[in-house]
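The next block holds one structure in the form of structure tokens; read it before the comments.
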Amino acid sequence: MPPKRKAAAQTAAEADAEGWDSDDMGALSDQEMYDDLKKNFSIADKKRRTIQRADAASFIFKHDNLDQPLKPDAASRPLWVNDDGKIIMESFNPLFEEAQDFLINIAEPVSRVSRMHEYTLTLHSLFAAVSVGHSSKEIIDRLERYSKVTLGSNVVAFIKKATSSFGKAKIVLKKTLSYIESDDPAILQRLLRDPTVASCRADNTDGLIQEAAPKIGVMAIPGTKMAAGATQIAQTAAAEPQAPVDMIASLREEDDDEDVAKVHSFQIRSESREEVIKRCQQIGLPLTEEYDFNNDEVNANLDIDLKPHAQIRYYQEKALSKMFSNSRARSGIIVLPCGAGKTLVGITAACGVKKSVIVLCTSAMSVVQWRSEFIKWSNINPDDIACFTAESKAVFKGNAGILITTYAMITSVRNRSYDSEKAMDFIRSREWGLLIADEVHVVPAKMFKQVTYAVASHAKLGLTATLLREDDKIGDLNFLVGPKLYEANWQELSEQGHIAKVQCAEVWCQMTPEFYTEWLRSPPSSPKNDIISSLNPNKFQACQFLIDYHEKRGDKIIVFSDNVFALQKYALKLHKAYIYGGTPQNERMRILENFQHNPEVNTIFLSKIGDTSLDLPEATCLIQVSAHYGSRRQEAQRLGRILRAKRRNDEGFNAFFYSLVSKDTDEMAYASRRQAFLVDQGYAFKVITRLEGLNQRTDLAFHTPQERRELLMEICLAKDADVEKEKIEGDAFGSRFANGGRAKKGAGARRTAGTLSELSGGQQMSYIEYNKSRNSEIKGKGVKNAFLRKLNSSTANAKKKAAGGG
Ligand SMILES: Nc1ncnc2c1ncn2[C@@H]1O[C@H](COP(=O)(O)OP(=O)(O)OP(=O)(O)O)[C@@H](O)[C@H]1O
295 MPPKRKAAAQ TAAEADAEGW DSDDMGALSD QEMYDDLKKN FSIADKKRRT IQRADAASFI
355 FKHDNLDQPL KPDAASRPLW VNDDGKIIME SFNPLFEEAQ DFLINIAEPV SRVSRMHEYT
415 LTLHSLFAAV SVGHSSKEII DRLERYSKVT LGSNVVAFIK KATSSFGKAK IVLKKTLSYI
475 ESDDPAILQR LLRDPTVASC RADNTDGLIQ EAAPKIGVMA IPGTKMAAGA TQIAQTAAAE
535 PQAPVDMIAS LREEDDDEDV AKVHSFQIRS ESREEVIKRC QQIGLPLTEE YDFNNDEVNA
595 NLDIDLKPHA QIRYYQEKAL SKMFSNSRAR SGIIVLPCGA GKTLVGITAA CGVKKSVIVL
655 CTSAMSVVQW RSEFIKWSNI NPDDIACFTA ESKAVFKGNA GILITTYAMI TSVRNRSYDS
715 EKAMDFIRSR EWGLLIADEV HVVPAKMFKQ VTYAVASHAK LGLTATLLRE DDKIGDLNFL
775 VGPKLYEANW QELSEQGHIA KVQCAEVWCQ MTPEFYTEWL RSPPSSPKND IISSLNPNKF
835 QACQFLIDYH EKRGDKIIVF SDNVFALQKY ALKLHKAYIY GGTPQNERMR ILENFQHNPE
895 VNTIFLSKIG DTSLDLPEAT CLIQVSAHYG SRRQEAQRLG RILRAKRRND EGFNAFFYSL
955 VSKDTDEMAY ASRRQAFLVD QGYAFKVITR LEGLNQRTDL AFHTPQERRE LLMEICLAKD
1015 ADVEKEKIEG DAFGSRFANG GRAKKGAGAR RTAGTLSELS GGQQMSYIEY NKSRNSEIKG
1075 KGVKNAFLRK LNSSTANAKK KAAGGG
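Under my numbering, the first residue of the sequence shown is numbered 295, with each subsequent residue one higher.
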């Protein structure tokens, strides 16, 4: 391996070491729990190593039960459970839908590709299972029913052990007071023997409070117009014929499990909630958090219901049913892909609780959107909604209302204005029925902690598209917000037309000899490295070619480049508008509006500012020329930009996601890491090694060796500081994440060979004939588009002014 290549591999390995993998979540406590099962595992491990490879596939599943015979009717059962808690499920089995609905409640989805799905049982997933009402017996019985082999003793022991400790005690607020509640008094006695928990007890009595347990009936998603649960469920099922689950039956099943007659509780001091929750986690008895909103007579009711036209979709219903299943609101996280309607889920939850709600967003623009969505979907009086942002410090006037703000507004430590301080006092001084945390995965845990200190909320609902983070803090969400309540299957939603179908491709671009020589020469740590591979003229041409091709198809295209130097080079050369951290707000808005409405502006270039800080209009094609190392989160976030494409209901409509990768550079390794999450969601990346027709084009940029040398010269002469990756001022969410996420071992992207025509569905590529590119028109006639002219002239004026002023 040449030294440079070796260094590239090393950099990747370092990124691995620094990166974070979702599997690390709660590794420590998993470790503790597994301790006494370890002996058995090591025996199973040895056994596995000695197992002869009976066929090509079984060794992949590392199946510990190979010595267990298949059940006689194994073919009709959908899954295979390993003794280490791994579950492999056939998606083509007739029982698939039923088994999937069950598995999503008890296990973590690891990979859901087209024919086989992989799940794993973890402490967190079993915790979530118990918290939504599954008993240990039910989990074991149903797994046994679906499994092709008899469940191994280790996995049964793990389930029993995990479920015996989890979800046995709850933290509930009744009439604004905090109680630890359980149907088993022995659990409470055990907790009270712990000095920390005992010291947080609010009363000095020895005994426990005892009362009748709440009745668990057929669930109603409270707040919907069709309020009676069964009606609502039946109507939703009718409206969504593709809904695979018989909700009523499954809820009745939950009913059958109910054998609780009494609940016991003791009161804790409200200010010690956080401490008690933490301590209970540490001693292996984590508390679930529930809000008995129906019996909250202290906090004023909010007049809010869904409008009659609001028909929540079956997966939104399923997610919400996990939150509301025994007339209480359970805190937790709902994971839905971008564009699947998280906002409506949040609004429906607010309609359910019918108390004051605080919504936390990542940007002021989202605040405005949430407000208009509340008005669109619910009958809330607009005066009952207040927005707390840098521009508006409003609070609502009534006793109950909705306050929408940003994480930054709540956690800001800078000197607040008088109005801002007043609004914060308002927030701090009252109880909130529900806290909705939008994009909860991007909020640093420390920031979220500050939020929970400032906002006293009875229930918390986290909404996110991915539970991925490139730091080690995702596990904290379990404790700060609650367990994951529901995670949708991306492919299923795209098959059903709820989100767009996306064709993903990785385009391999050979480095030109002069660029590759320079790349090999420059030290791996140099920022020029990235620039050389991003501005590889072959990549540049591929980008230009794809833009031309997709603009002709009528697509709206976003090109992402994390590197601002490269971004500017691409955009200026191709006469396209671009936005990066330094673009003034009004210019950003103008560009985005033109992209949305102006038929002549079909492509824009964005730096990583587009990942979280911009509300991007819909695009149908995304091209990535430079990205943030191996960040799976960024990749998922960017793909999300095209999932909401409006045209998704057009027959045969596809959105496109291209990653342009310079061959034989570290971009290759990073690309495969980045894709790991999406591949696990069932997306297949086609590799395109040659774009048909590109070589015949003579009008593409950097066509001559002279032009290429000049570009390289410019890069070499640039100062290191000018080519460094963008640091976005005030980017509370992006800046923490160092060298990208680490892909699971062996979880590299699945790549298949493909052609552009295959991706687009076009048999003949009309663009082969197309040799008068729009860029050359622009080049020949100057800036044609009115918007770009305006943009250029305002930039020029600003420059003139600055020069004059200086
Ligand atoms: N049940 C529904 N019925 C009709 N339209 C819906 C429904 N749910 C969501 N939508 C629509 O789907 C679109 C996407 O919804 P929304 O913006 O809430 O998605 P999201 O999951 O928050 O996406 P992102 O993560 O990109 O913000 C919106 O136009 C919304 O109005």
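Ideal Cβ positions, reconstructed from N, Cα and C, are used throughout, including at glycine.
* **Ranges of the alpha helix (DSSP H) found wholly within the segment 718–783, counting only runs of at least 4** => 739–748, 770–774
* Asked: Between the beta-carbon of A643 and the beta-carbon of L729, is there less than 8 Å?
  -> no
* Inter-residue spacing [alpha-carbon to alpha-carbon] between K648 and L596 -> 5 Å
* Assign M410 to one of three DSSP states: helix, strand, or coil. => strand
* **Entirely enclosed alpha helix (DSSP H) segments - the segment 551–632, minimum 4 residues** => 567–576, 608–617
* Is the distance from the Cβ of Y872 to the Cβ of I898 below 8 Å? -> yes
* Asked: Could you check where the alpha helix (DSSP H) with T897 kicks off and where it finishes?
  -> Where T897 is concerned, there is no enclosing alpha helix (DSSP H), although the beta strand (DSSP E) it sits in stretches over 897–900.
* Asked: Quick one: is the Cβ of Q928 within less than 7 Å of any heavy atom of ligand 1?
  -> no
* Reducing DSSP to helix, strand and coil, say where Y952 ends up. => strand
* **Closer than 7 Å: L630 CB and nearest ligand 1 heavy atom** => yes
* Is K612 near ligand 1, in the sense that its beta carbon is under 7 Å from a heavy atom of that ligand? -> no
* **For A613 and N783, the rounded distance between their alpha carbons** => 12 Å
* Residues sharing a beta bridge with P403, DSSP -> Y413
* Same chain only: Cβ atoms within 8 Å of R938, ignoring 5 sequence neighbours per side -> C632, G633, I793, A794, E912
* Asked: How long is the line joining the alpha carbons of Y964 and N376, rounded to whole angstroms?
  -> 31 Å
* **Cutoff 6 Å; reference S564; Cβ partners in own chain excluding five residues on either side** => S472
* In chain order, what residues of the same chain have a beta carbon less than 7 Å from the beta carbon of H428, not counting five sequence neighbours either side? -> N399, I400
* From the DSSP output, in three-state form, read off G320 for me. => Model confidence at G320 stands at a pLDDT of 34, short of 50, so the residue's coordinates are unreliable and nothing is read from them.
* By a C-beta neighbour count over all protein chains shown, 10 Å radius and 16 as the cutoff for buried, is K716 buried or exposed? -> exposed
* Asked: Among all the DSSP beta bridges, which residues are the ones paired with S472?
  -> L467, I562
* When you compare each of F396, K442, S566, V443 to I465 by their alpha carbons, which one comes out closest? -> S566
* Asked: Would you say the beta carbon of L954 comes nearer than 7 Å to a heavy atom of ligand 1?
  -> no
* Asked: Can we count I382 as close to ligand 1, meaning its CB is less than 7 Å from some heavy atom?
  -> no
* To do: Sort P479, K572, A995 by Cα distance to A836 and report the nearest one.
  => A995
* Asked: In chain order, what residues of the same chain have a beta carbon less than 7 Å from the beta carbon of A423, not counting five sequence neighbours either side?
  -> N399, I400, I433
* **Contiguous alpha helix (DSSP H) assignments of at least 4 residues, all confined to the segment 810–882** => 822–828, 831–847, 858–868
* **Any non-hydrogen atom of ligand 1 closer than 7 Å to L866 Cβ** => no
* **Chain-order list of residues whose beta-carbon lies under 6 Å from that of V689 (same chain, five-residue window excluded)** => A680, A717, F720
* To do: Measure the C-alpha to C-alpha separation of R1003 and S828 and round it to an integer number of angstroms.
  => 15 Å
* Asked: If you scan the segment 430–461 from start to end, which runs of the alpha helix (DSSP H) of 4 or more residues do you find wholly inside it?
  -> 430–440, 447–459
* To do: Starting from M383, trace the beta strand (DSSP E) both ways and give me its first and last residue.
  => 380–384
* Distance CB(D856)-CB(S920) smaller than 8 Å -> yes
* To do: Examine chain D for any beta-carbon lying closer than 8 Å to the beta-carbon of D377, and answer yes or no.
  => Among the chains in the structure shown there is no chain D, since it carries only a single protein chain.
* Asked: Hey, how far is the Cα of L579 from the Cα of H752?
  -> 20 Å
* **Burial state of F971 (16 or more Cβ within 10 Å)** => buried
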